[in-house]
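Peer 1: Residue numbering for the sequence shown follows UniProt numbering, beginning at 1 and increasing consecutively. The C-beta atom is built at its ideal place from N, Cα and C for all residues, glycine as well.
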Amino acid sequence: MDNEQLLMKDLEKGTPSHSDPITEAHAPDQSDDFPIKSEHCAASLSLADAHLVTKDGIASTETSSNHLGQKSDVSTVPRALSRRSSLCWGICLLTTSIAILLSILGTIDREDHTTTIVHPELNDVINYLLSHNISSLKDLTSEKSPRHIAARWLAENDPAEMPLPVHYDYLYVTRYVMALNYFALNGDDWTVKVNFMTGKHVCRWNDAKHAYGSQGVETGGLLCGDSGMPEVLDLEYNGLSGLIPTENGLLTTLKVFDMEVNGYIQGTIPTELCNLVNLESLTLRGNDLGGNVPSCLGRFAKLIEFNIESNSFSGPLPENVCGMTSMEYFVLQRNLFSGNLPSCMGKWTNLKVLALSDNSFHGRLPTELVALQHLQELTIDDNQFHGDPFPIVSTLTDLKILYASDNNFSGVLEAHVFNDLQKLEIFDISRNNFTSTELPSRLLQMPRLEVLDLSMNSLRGPLPEDIKENDVLWFFSASKNFLDGVIPSALKNLSSLRHLDLSENAFHGVLRSELFQMTSLVNLFLSENPFLHQGKIPETISGMTQLKELSMKNTNRNGTLPELVDFANLNLLDFDNNGFTGTIPENYANLRNLVYVMLNRNPIHGLVPDFGDAELLHTLLLDGTGLWGNISSICKLPAFIGDPDSSARPIAVAECGSENSRISCACCHCCDAEATPRSGSCSDPIVASLDWTWEYGFQRDARNFGINRSALQDPIV
Numbered sequence: 001m002d003n004e005q006l007l008m009k010d011l012e013k014g015t016p017s018h019s020d021p022i023t024e025a026h027a028p029d030q031s032d033d034f035p036i037k038s039e040h041c042a043a044s045l046s047l048a049d050a051h052l053v054t055k056d057g058i059a060s061t062e063t064s065s066n067h068l069g070q071k072s073d074v075s076t077v078p079r080a081l082s083r084r085s086s087l088c089w090g091i092c093l094l095t096t097s098i099a100i101l102l103s104i105l106g107t108i109d110r111e112d113h114t115t116t117i118v119h120p121e122l123n124d125v126i127n128y129l130l131s132h133n134i135s136s137l138k139d140l141t142s143e144k145s146p147r148h149i150a151a152r153w154l155a156e157n158d159p160a161e162m163p164l165p166v167h168y169d170y171l172y173v174t175r176y177v178m179a180l181n182y183f184a185l186n187g188d189d190w191t192v193k194v195n196f197m198t199g200k201h202v203c204r205w206n207d208a209k210h211a212y213g214s215q216g217v218e219t220g221g222l223l224c225g226d227s228g229m230p231e232v233l234d235l236e237y238n239g240l241s242g243l244i245p246t247e248n249g250l251l252t253t254l255k256v257f258d259m260e261v262n263g264y265i266q267g268t269i270p271t272e273l274c275n276l277v278n279l280e281s282l283t284l285r286g287n288d289l290g291g292n293v294p295s296c297l298g299r300f301a302k303l304i305e306f307n308i309e310s311n312s313f314s315g316p317l318p319e320n321v322c323g324m325t326s327m328e329y330f331v332l333q334r335n336l337f338s339g340n341l342p343s344c345m346g347k348w349t350n351l352k353v354l355a356l357s358d359n360s361f362h363g364r365l366p367t368e369l370v371a372l373q374h375l376q377e378l379t380i381d382d383n384q385f386h387g388d389p390f391p392i393v394s395t396l397t398d399l400k401i402l403y404a405s406d407n408n409f410s411g412v413l414e415a416h417v418f419n420d421l422q423k424l425e426i427f428d429i430s431r432n433n434f435t436s437t438e439l440p441s442r443l444l445q446m447p448r449l450e451v452l453d454l455s456m457n458s459l460r461g462p463l464p465e466d467i468k469e470n471d472v473l474w475f476f477s478a479s480k481n482f483l484d485g486v487i488p489s490a491l492k493n494l495s496s497l498r499h500l501d502l503s504e505n506a507f508h509g510v511l512r513s514e515l516f517q518m519t520s521l522v523n524l525f526l527s528e529n530p531f532l533h534q535g536k537i538p539e540t541i542s543g544m545t546q547l548k549e550l551s552m553k554n555t556n557r558n559g560t561l562p563e564l565v566d567f568a569n570l571n572l573l574d575f576d577n578n579g580f581t582g583t584i585p586e587n588y589a590n591l592r593n594l595v596y597v598m599l600n601r602n603p604i605h606g607l608v609p610d611f612g613d614a615e616l617l618h619t620l621l622l623d624g625t626g627l628w629g630n631i632s633s634i635c636k637l638p639a640f641i642g643d644p645d646s647s648a649r650p651i652a653v654a655e656c657g658s659e660n661s662r663i664s665c666a667c668c669h670c671c672d673a674e675a676t677p678r679s680g681s682c683s684d685p686i687v688a689s690l691d692w693t694w695e696y697g698f699q700r701d702a703r704n705f706g707i708n709r710s711a712l713q714d715p716i717v
């Protein structure tokens, strides 16, 4: 007879049925690290209905239903009284013994309060779990199942040696579910075991661990509240992998369920988690979960935070999610969601953060979102939304952050949009279809605005001339539009500006020297403005020593190349396709942080400095010049001796490889100077340096200069 038949036979004999979900569970004794056990015993004795009687001179006890009216013989009264006295003493002793026994039994510590099996066998534990519908028969009897392993651990390996309760005991079930989490989620590989699988009370299955995203520590594991009931399950950032056990849905006292940033948790969100109606925070971001979001999430009326960022969830959002009426932080970014946003999201009047970036949502933003008057962060970039968002956005008076880039939005950028957005800190509408006749000056005067990204739209007209003193704005990009007019010298009033990108527009006129007095700048992109008047780079650039990136490609610059002394931080230098003359300053070879150097398509001449000490060098473009010399020293740099098949393969282009070549280089792609027109079909570096990914703190993800490798000759070996 197999295990399943034996278990079913046991069940037919009668097993305690499921009672209340939480039964007589007490908080752990804070003075003891051992498990808390019952204060009571299943055994009981009732003498309430017993009466002392005599029969034939012999004392006896009978229940209240016997001899209630029987009389005793008068002649035997003295002896009976004597015997009764002795018997009373016996009864007193018996009662005292019973009381002592009960007292001793009551001191046995355990998490449940009624036990019949002090040392349960595996089948006893399995029967108990089956009788209360905790786990399935198949899972409990399959030896490789995490549920079977957890049950065996309770029966045979738990250091606490827990007795088996008769009735449903919430903390006993909690201990089983925590053991199941350990075995189902690869507990042996957890970064910190947080006291799981120890003999401690389950409320002490927690410990200090590193907090994600900081250098500090926090308490992770299972934490109980003042009531002694589990309230927080925090297993974030701990190396978990596998499927989330459905049995976690039994822990109905939980307020926080956190398994974020583990990376390898798979499957879907179990619908059983919807039974956790007391949840205030559910965070599963940074895993490998997928499928649809369960519609039953609408049961979470108390939920404040829902974060499933960076997974593979898909499909539309079910209307039922709007039942989460306490929602304040709703984070779905970096998934595969699609469809329209439910209009009922306007009911989330407490919402502070709505993060939907990097999905495939489409349609218009629901007009009902105007009700979200406490919304502070709206991140909807990298989707397929269309229509004009400004009638909604302009009403969100608490809004601090708007990321709306990479959509199909349209509309006119006008000053009135910003009348009530005085708290705005980040405004990113790049890569859309917005238009304007002139750029509103108010945009550069917002009291708290730090980041303004208007790039890759259809904005027209000049930049405002009346730019007032502003020490808040540090990032301003209006690249790849149709802006014209003169670049205003009043930009220097943006005294904290670190990033300025006005590339790929139609600016004209003189490039004013005030632009090169902005000593706070770290990134300056003015490239691809071919209508600017010819002129030199002003000498005042010598004070811009904080620069890391300087791009002035195709801006009609002439004269000699600037010296760039003390530009130790510079890693991008792009002077491509201008009219510079003279030689390359010797100190360029001392700029050891250079990664990208584009001096090509300029009538410069002379000996090429030795860039062999620029250990970070990745790209060197010298074609279309009159330079000469041996630059093979770069071939020993780390980037040039790496994997030749790597997608990050370095590029060096020069006029070399023929008998008449003026440059020799063992690792360069070589051009034929006579056959290559000045337009540069040899290297054709379409500088996508102006097409970074700047979202989320504007950290550059990758850079690709779009070099046409098919037009390049093989390197000379």
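1. Tell whether a beta-carbon distance below 8 Å holds between F385 and L351.
2. Return the CA-CA distance between S312 and D398, expressed in angstroms with no decimal places.
3. What are the boundary residues of the beta strand (DSSP E) that D428 is part of?
4. Could you check what DSSP says for V653 in three-state terms: helix, strand or coil?
5. Please report the residue range of the alpha helix (DSSP H) in which residue 724 lies.
6. Cutting at 6 Å between CB atoms, please list the residues of its own chain near W153, excluding the five before and the five after it.
7. Quick one: Cα of I308 to Cα of L572, how far?
8. Could you tell me how far apart the beta carbons of Q333 and L369 are, in whole angstroms, since I believe they sit closer than 8 Å?
9. What number of angstroms, rounded off, separates the C-alpha of H132 from the C-alpha of N262?
10. At which residues does the beta strand (DSSP E) containing N307 begin and terminate?
11. Where do the ends of the beta strand (DSSP E) carrying A179 lie?
12. Do you know whose CA, among C665, A490, K480, G339, lies nearest M518's CA?
13. Do the CB positions of L494 and N523 come within less than 8 Å of each other?
14. Say the cut is 7 Å; is the CB of L354 nearer than that to a heavy atom of the ligand MN?
15. Report the rounded CA-to-CA distance for D466 versus T253, giving the unit in angstroms.
16. For F390 and E504, I'd like the C-alpha separation in whole angstroms.
17. S477 lies in the beta strand (DSSP E); which residues open and close that run?
18. Contact defined as beta carbons within less than 8 Å: I believe M552 pairs with F575. What is the distance between those atoms, to the nearest angstrom?
19. On the three-state DSSP scale, how would you describe S405?
20. At which residues does the beta strand (DSSP E) containing S338 begin and terminate?
21. What does the alpha-carbon distance come out to for the pair L235 and F183?
22. Can you tell me whether DSSP reads R442 as helix, strand or coil?
23. Let me know the secondary structure DSSP gives P391 once reduced to three states.
24. For the alpha helix (DSSP H) containing T141, name the first residue and the last one.
25. Determine the DSSP secondary structure at T367, reduced to helix, strand or coil.
26. Under a Cβ-count criterion, where at least 16 other Cβ atoms within 10 Å of its own Cβ denotes burial, should K636 be classed as buried or exposed?
27. For a test of the three-state rule: what should DSSP assign to C665, helix, strand or coil?
28. Between E231 and G225, which are expected to be in contact by the criterion C-beta below 8 Å, what is the C-beta distance as a whole number of angstroms?
29. Count the other CB atoms within 10 Å of the CB of F531; is the residue buried (16 or more) or exposed (fewer)?
30. Applying the criterion that 16 or more other CB atoms from any shown protein chain within 10 Å of the CB defines a buried residue, is residue 722 buried or exposed?
31. What is the residue span of the beta strand (DSSP E) that S310 lies within?
32. According to DSSP, is V451 helix, strand or coil?
33. Pick from E305, L336, K347: whose alpha carbon is nearest that of E328?
34. Do L349 and L317 have their C-beta atoms within less than 8 Å of each other?
35. With a threshold of 6 Å on Cβ separation, who are the neighbours of E377 within its own chain once the five nearest residues in sequence on each side are excluded?
36. Beta carbon of A160, beta carbon of G199: below 8 Å?
Peer 2: Taking the geometry as given:
1. 8 Å or more divides the Cβ of F385 from the Cβ of L351.
2. If you draw a straight line from the Cα of S312 to the Cα of D398, it is about 31 Å long.
3. Counting along the chain, the beta strand (DSSP E) containing D428 begins and ends at 426–428.
4. Strand, per DSSP.
5. Any question about residue 724 goes unanswered here, given that the chain covers just 1 to 717.
6. The beta carbon of W153 is closer than 6 Å to those of A179 in its chain, skipping five residues each way along the sequence.
7. Approximately 37 Å, taken between the alpha carbons.
8. Their Cβ separation, rounded to whole angstroms, is 17 Å, which puts Q333 and L369 out of contact at 8 Å.
9. In a straight line, the C-alpha of H132 is about 31 Å away from that of N262.
10. Unbroken beta strand (DSSP E) run through N307: 305–307.
11. Unbroken run through A179 is the alpha helix (DSSP H), 170–184; no beta strand (DSSP E).
12. Of the listed residues, the one whose Cα sits closest to M518 is A490.
13. No, the Cβ-Cβ distance between L494 and N523 is not below 8 Å.
14. The ligand MN is not among the ligands present in this structure, which contains no ligands whatsoever.
15. Between D466 and T253, the C-alpha separation is close to 60 Å.
16. As the crow flies, the alpha-carbon of F390 is around 26 Å from that of E504.
17. Looking at the DSSP string, the run of the beta strand (DSSP E) that includes S477 is 475–477.
18. Their Cβ separation, rounded to whole angstroms, is 6 Å, which keeps M552 and F575 in contact under 8 Å.
19. Here S405 carries a coil assignment [DSSP, helix/strand/coil].
20. For S338, the enclosing beta strand (DSSP E) begins and ends at 336–339.
21. C-alpha separation (whole angstroms): 14 Å.
22. Helix.
23. P391 falls in the helix class under three-state DSSP.
24. T141 -> alpha helix (DSSP H) spans 137–141.
25. Here T367 sits in helix by DSSP.
26. Under a 10 Å Cβ-count criterion, K636 is classified as exposed, with fewer than 16 other Cβ atoms of the shown protein chains found around its own Cβ.
27. Coil, per DSSP.
28. With a beta-carbon spacing of about 4 Å, E231 and G225 fall inside the 8 Å limit used to define contacts.
29. With fewer than 16 other CB atoms across the displayed protein chains lying within 10 angstroms of its CB, F531 is exposed.
30. Nothing can be reported for residue 722: it is not among the residues displayed for the chain, which extend from 1 to 717.
31. That residue, S310, is in no beta strand (DSSP E); it is neither H nor E in DSSP.
32. Here V451 sits in strand by DSSP.
33. Selected option, being the one with the closest Cα: E305.
34. In the sequence under discussion, the amino acid at residue 349 is Thr, which differs from the Leu named in the question. No, they are not a contact pair.
35. By the criterion of a C-beta distance shorter than 6 Å, E377 is surrounded in its chain by V353, I401, once the five residues flanking it on both sides are discounted.
36. With a cutoff of 8 Å on beta-carbon distance, A160 and G199 are scored as near each other.
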